[in-house]
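A.B. asks: Following this message is one structure expressed as structure tokens.
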Amino acid sequence: MKTISYFALALTLMAGCKEAGKKNTQDAASKEEKTVTAKDENTNKSEWVSLFDGKTFAGWHGYNSDKISPEWSVQDGAMVLTPDNTNKTGGKNLVTDKDYTDFELSLEWKISEGGNSGVFWGVKEDPELHEPYQTGPEIQVLDNERHPDAKAGKTHQSGALYDMVPPSEDVAKPAGEWNTMVLKIDHRSNEGKVWLNGVEIVKFPVQGEAWKEMVKKSKFDGWKGFGIYETGKIGLQHHGNQVWFRNIKIKEL
Numbered sequence: 001m002k003t004i005s006y007f008a009l010a011l012t013l014m015a016g017c018k019e020a021g022k023k024n025t026q027d028a029a030s031k032e033e034k035t036v037t038a039k040d041e042n043t044n045k046s047e048w049v050s051l052f053d054g055k056t057f058a059g060w061h062g063y064n065s066d067k068i069s070p071e072w073s074v075q076d077g078a079m080v081l082t083p084d085n086t087n088k089t090g091g092k093n094l095v096t097d098k099d100y101t102d103f104e105l106s107l108e109w110k111i112s113e114g115g116n117s118g119v120f121w122g123v124k125e126d127p128e129l130h131e132p133y134q135t136g137p138e139i140q141v142l143d144n145e146r147h148p149d150a151k152a153g154k155t156h157q158s159g160a161l162y163d164m165v166p167p168s169e170d171v172a173k174p175a176g177e178w179n180t181m182v183l184k185i186d187h188r189s190n191e192g193k194v195w196l197n198g199v200e201i202v203k204f205p206v207q208g209e210a211w212k213e214m215v216k217k218s219k220f221d222g223w224k225g226f227g228i229y230e231t232g233k234i235g236l237q238h239h240g241n242q243v244w245f246r247n248i249k250i251k252e253l
């Protein structure tokens with residue numbers, strides 16, 4: 001009788017060990033799966049993603065509009081604005097379909113002689129707001145040699161955080177030539193940066209008291225909603241002059 005009891009006890013212990021081993025294996029597999037998933041998410045988040053396929057305006061729309069103004073076209077792999085200044089219809093500025101918070105944006109731009117344009121971020125679409133610049137800060141795109149805005153001070157020249165932070169040096173290429181611009185916005189480190197043609201030319205805070213102080217000293221002082229949205233759309237400006245954009249890509253941080 002004792003022999004049978006010992007035998008039954010042994011079987012019970014073996015079954016328990018087997019079940020415990022199975023549970024440990026499942027837990028380990030589950031932990032590994034979570035680790036891989038988190039790793040994949042981080043990897044995907046740090047990859048460059050194209051915002052322009054070189055053929056269509058997929059992923060973009062007119063500001064406060066579900067259409068693209070006919071003044072925008074795609075030519076030779078570039079978005080091209082050929083303005084019709086007699087056309088007063090809205091939606092002339094382009095914005096991304098998606099909102100972004102922390103990112104690096106890379107693109108190439110080319111401006112016409114005497115031309116003016118810009119790149120926005122943190123844009124909030126609102127029917128009561130008629131322009132992206134009412135909420136979104138701008139990195140200036142300009143013909144520094146010919147456009148009168150360049151004479152209004154360095155905070156209005158190419159690569160500047162418009163009307164707030166000037167470029168440390170003028171590295172913009174002449175009108176009609178391609179420039180490469182990288183914009184970094186990181187709220188976690190409270191840092192914004194601009195590189196133009198491989199040179200870091202602008203650095204600024206993106207939030208907090210230092211940001212508010214910059215706004216207060218600019219033309220945007222008192223503008224309700226300007227520069228307050230951490231998450232918003234990327235925008236390309238219609239400023240009445242011909243401009244080209246290509247190789248537009250983004251990496252979320």
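Per the UniProt record's numbering, the very first residue in the sequence shown carries number 1; after that it's consecutive. The beta-carbon is built from N, C-alpha and C at its ideal position, and this holds for glycine as well.
Can a CB atom of chain C be found closer than 9 angstroms to the CB of D221?
C.D. replies: Absent from the structure: chain C. Only one protein chain is present.
A.B. asks: In whole angstroms, what separates the C-alpha of S106 from that of T86?
C.D. replies: For S106 and T86, the gap between their C-alpha atoms comes out near 32 angstroms.
A.B. asks: Among the residues of its own chain, which have a CB less than 7 angstroms from the CB of G208, if the five just before and after it don't count?
C.D. replies: Taken in chain order, the residues that qualify are N190.
A.B. asks: Work out the CA separation of G122 and G136 for me, nearest whole Å.
C.D. replies: 5 angstroms
A.B. asks: What is the DSSP secondary structure of V206, reduced to helix, strand or coil?
C.D. replies: coil
A.B. asks: Could you check which residue in H239, Y229, E128 has the C-alpha nearest to that of W211?
C.D. replies: Y229
A.B. asks: Would you mind working out which of V206, K216, I250, G232 sits nearest P132, comparing C-alpha positions?
C.D. replies: Answer by Cα proximity: G232.
A.B. asks: Helix, strand or coil, according to DSSP, for N241 in the structure here?
C.D. replies: coil
A.B. asks: Using a threshold of 9 angstroms, state whether the C-beta atoms of F220 and D163 are closer than that.
C.D. replies: Taking 9 angstroms as the cut-off, the beta carbon of F220 is found closer than this to the beta carbon of D163.
A.B. asks: Using the C-alpha atoms, what's the distance from M181 back to S158?
C.D. replies: Answer to the nearest angstrom: the Cα atoms are 10 angstroms apart.
A.B. asks: Going by DSSP in three states, Q134 sits in which element: helix, strand or coil?
C.D. replies: DSSP places Q134 in helix when its eight states are reduced to three.
A.B. asks: Check whether the Cβ atoms of G192 and V199 lie closer than 9 angstroms to each other.
C.D. replies: Not a contact, by the Cβ cut-off of 9 angstroms.
A.B. asks: Scan the stretch 151-235 and note each continuous beta strand (DSSP E) run of 3 residues or more that stays entirely inside, going in chain order.
C.D. replies: 179-186, 191-196, 199-204
A.B. asks: Report the start-end ranges of each beta strand (DSSP E) in the stretch 98-127 that is 3 residues or longer and not cut off at the edges.
C.D. replies: 103-111, 116-123
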